[in-house]
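S.K.:
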Amino acid sequence: MNKIYLSYLLLFTNLLFSQNTWKSKYLFQDNFSNNDLVFVTTEKGFVSGFGNDGKASIYYTSDGGVNWSEIFKTNNVSFQLSGLYFIDENIGWAVQGQKIYKTINNGSSWSNISLNNSQNGTLRKIFFKDQNNGILTTTLGILTTNDGGNNWTLNQMFDINNNILILSDFSIDKSTGNGFAIVNDKYIYETTNYGVNWIQKFTMQPTNSSQTHKLNRIDYRGLAVGEYYYGSLGYDGTSFLKTNNVWTKLTNNFIRFATASSFSDNLFFGYSENKIYDVVTKNISYNLPNNDYISKFFFINNMGYAIGNKSLYKYDSSVLSNNSFNYDKDINAINIENKSILFKTSILDPISYSVYDISGKLILKEENIILENKILIFKNTGIYIVKIFHNREIITKKLLIN
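Below, the structure is given as structure tokens:
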């Protein structure tokens, strides 16, 4: 056996590759429909949705989603929870209709207050800085509280034409109070004090008069996704990233993400059409089973969670090896008989790879396989490109098959 003589091309990029580490973690009862989730540690979290009786429910896990117990159920049928937030495993709030529910003992008991719809608007998303100070967005403005939710004050924002400004989505970093909000579908506002005050930072511009456009979801690390409508011609997606304090539209990114969030400052996940994508690269990170969808992502430390219709999915970046490799020495491709390549490597954890011919046509791909002693058989001689994805790196090797 002879080593191939064509030199390896090693391309190291800053791209984070997920290695398809999203996994189905838990299947809720057959007719339970999820819509929201929040985790207070990597192991302790809450999911809300409809139970089998059509009533809103909240479930709790203390072991990273392996087991769940119901801690909340309302008496009202067909009223989904519109807001859910916990500051720790004991203290949390849930919003349903015009009621705000609160627990201080992990759901063993709940108190509630009702807010007038005509005065405060329809209740939407809730967030708390601590056990006393919180905000709740509505269709008429922002409600604030400083006593844990017993009393609320409506605050309103208006533009220069005296049009009311409404937050359709927001995201705030609990540790710093910095965050962003989507306002009236096309503006991005920023807060530096946990949502008490907001300042306009960006306006999404239409490309021509025949389009309508809107932003749907935003993440405090600097990600916003939305969509352009073209009347009877359909729609395209649009995504924006904040770089050096400037919001910039990602080019050639027309995937319509229904929801999206960021795992880190440079790894952004989005859901579209039964798949989880890397928003920036548009690479598919995970194919959802059974035509499932994602209603929300939640990331904490090295863990990520996503809620589907009946399933919980989990992303664990700790499965990526922390070992340091010299890929020029640690991955060897050896020509063997019958137009085949044998890989020898000291890397023992799973990798993914794709093979392309010299024209760039994809020939073969596999995910989460062991590369050691892997044999690739080629139909034809020639030059091929193999891209190997490992430990958040992309390694490209050019191979000569003769």
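Residues in the sequence shown are numbered from 1 upward in steps of one, following the UniProt record's numbering.
For every residue, glycine included, the Cβ atom is placed at its ideal position computed from N, Cα and C.
(1) What does DSSP give as the partner residues of residue 68 in its beta bridges?
(2) Tell me which residues share the same chain as residue 132 and place their Cβ nearer than 8 Å to its Cβ, disregarding the 5 neighbours each side in the sequence.
(3) Can you give me the C-alpha to C-alpha distance between residue 213 and residue 240, rounded to a whole angstrom?
(4) With a threshold of 7 Å on Cβ separation, who are the neighbours of residue 163 within its own chain once the five nearest residues in sequence on each side are excluded?
(5) If residue 223 and residue 268 are in contact, beta carbons under 8 Å, what's the gap, nearest whole angstrom?
(6) Measure the alpha-carbon distance for residue 242 versus residue 265 and round it to whole angstroms.
(7) The alpha helix (DSSP H) spanning residue 117 covers which residue range?
(8) Which value, in whole angstroms, describes the spacing of the CA atoms of residue 40 and residue 22?
(9) DSSP on residue 315, reduced to helix/strand/coil?
(10) Please report the residue range of the beta strand (DSSP E) in which residue 97 lies.
(11) Quick test of your reading: residue 341 and residue 375, contact by CB under 8 Å. State the CB separation rounded to the nearest angstrom.
(12) With residue 414 as the anchor, note down where its beta strand (DSSP E) starts and where it stops.
(13) Quick one: residues in its chain with C-beta nearer than 6 Å to the C-beta of residue 278, no 5 flanking neighbours on either side, listed in chain order?
(14) Per DSSP, what kind of secondary structure is residue 130 in: helix, strand or coil?
(15) Confirm, please, whether the CB-CB distance from residue 93 to residue 102 is below 7 Å.
(16) By DSSP, does residue 2 sit in helix, in strand, or in coil?
(17) Is residue 301 buried or exposed, if buried means 16 or more other CB atoms sit within 10 Å of its CB?
(18) Could you please give me the residues that DSSP links to residue 74 through a beta bridge?
(19) Using the rule of at least 16 other Cβ atoms within 10 Å of the residue's Cβ for burial, across every protein chain shown, is residue 125 buried or exposed?
(20) Can you tell me the Cα-Cα spacing of residue 308 and residue 287, whole angstroms?
(21) Could you give the residue range of the beta strand (DSSP E) that holds residue 45?
(22) State the Cα-Cα distance for the pair residue 83 and residue 350, rounded to the nearest angstrom.
(23) Can you tell me which of the three DSSP states residue 329 falls into?
(24) Under 8 Å Cβ to Cβ from residue 348, same chain only, skipping five residues before and after it: list those, please.
(25) Would a C-beta distance cut-off of 7 Å place residue 407 and residue 296 closer than the cut-off?
(26) Within this structure, are the beta carbons of residue 182 and residue 168 separated by less than 7 Å?
(27) Measuring straight from C-alpha to C-alpha, what distance separates residue 353 and residue 397?
(28) Taking DSSP as the reference, what is the three-state secondary structure of residue 216?
(29) Can you look up residue 290 in the DSSP assignment and give me helix, strand or coil?
(30) I need the DSSP call for residue 124, collapsed to helix, strand or coil.
(31) Does the stretch 58-73 come close enough to the stretch 114-121 to have 3 or more Cβ pairs within less than 8 Å?
(32) Would you kindly work out how many angstroms separate the C-alpha atoms of residue 321 and residue 187, rounded to a whole number?
(33) Short check: CB of residue 121 to CB of residue 128, under 7 Å?
M.R.: Answer, in terms of the structure:
(1) DSSP output for residue 68 lists no bridge partner at all.
(2) Excluding positions up to five away in sequence, the list reads 145, 146, 147 and 148.
(3) 13 Å
(4) none
(5) At roughly 5 Å, the Cβ-Cβ gap stays under 8 Å, so residue 223 and residue 268 are in contact.
(6) 10 Å
(7) Unbroken alpha helix (DSSP H) run through residue 117: 117-120.
(8) 20 Å
(9) strand
(10) Per DSSP, residue 97 belongs to no beta strand (DSSP E) and is neither H nor E.
(11) 7 Å
(12) Limits of the chain in this structure are 1 at one end and 402 at the other, which puts residue 414 out of reach.
(13) Taken in chain order, the residues that qualify are 285.
(14) coil
(15) Against a cut-off of 7 Å, the Cβ pair of residue 93 and residue 102 comes out as a contact.
(16) Residue placement at residue 2 is flagged as unreliable, the pLDDT there being 36, under the threshold of 50; a coordinate-derived value is accordingly withheld.
(17) exposed
(18) DSSP lists no partner for residue 74.
(19) buried
(20) If you take the alpha carbons of residue 308 and residue 287, they lie about 12 Å apart.
(21) 45-50
(22) Residue 83 and residue 350 have their C-alpha atoms some 39 Å from each other.
(23) helix
(24) 370 and 372
(25) There is no way to answer for residue 407, as the model of the chain reaches only from 1 to 402.
(26) yes
(27) 11 Å
(28) strand
(29) helix
(30) If DSSP states are grouped into helix, strand and coil, residue 124 belongs with the strands.
(31) no
(32) Residue confidence is low: residue 321 scores 45 on pLDDT, short of 50, so the model does not pin down where it sits. Its coordinate-derived value is still stated next. Approximately 40 Å between the Cα atoms of the pair.
(33) no
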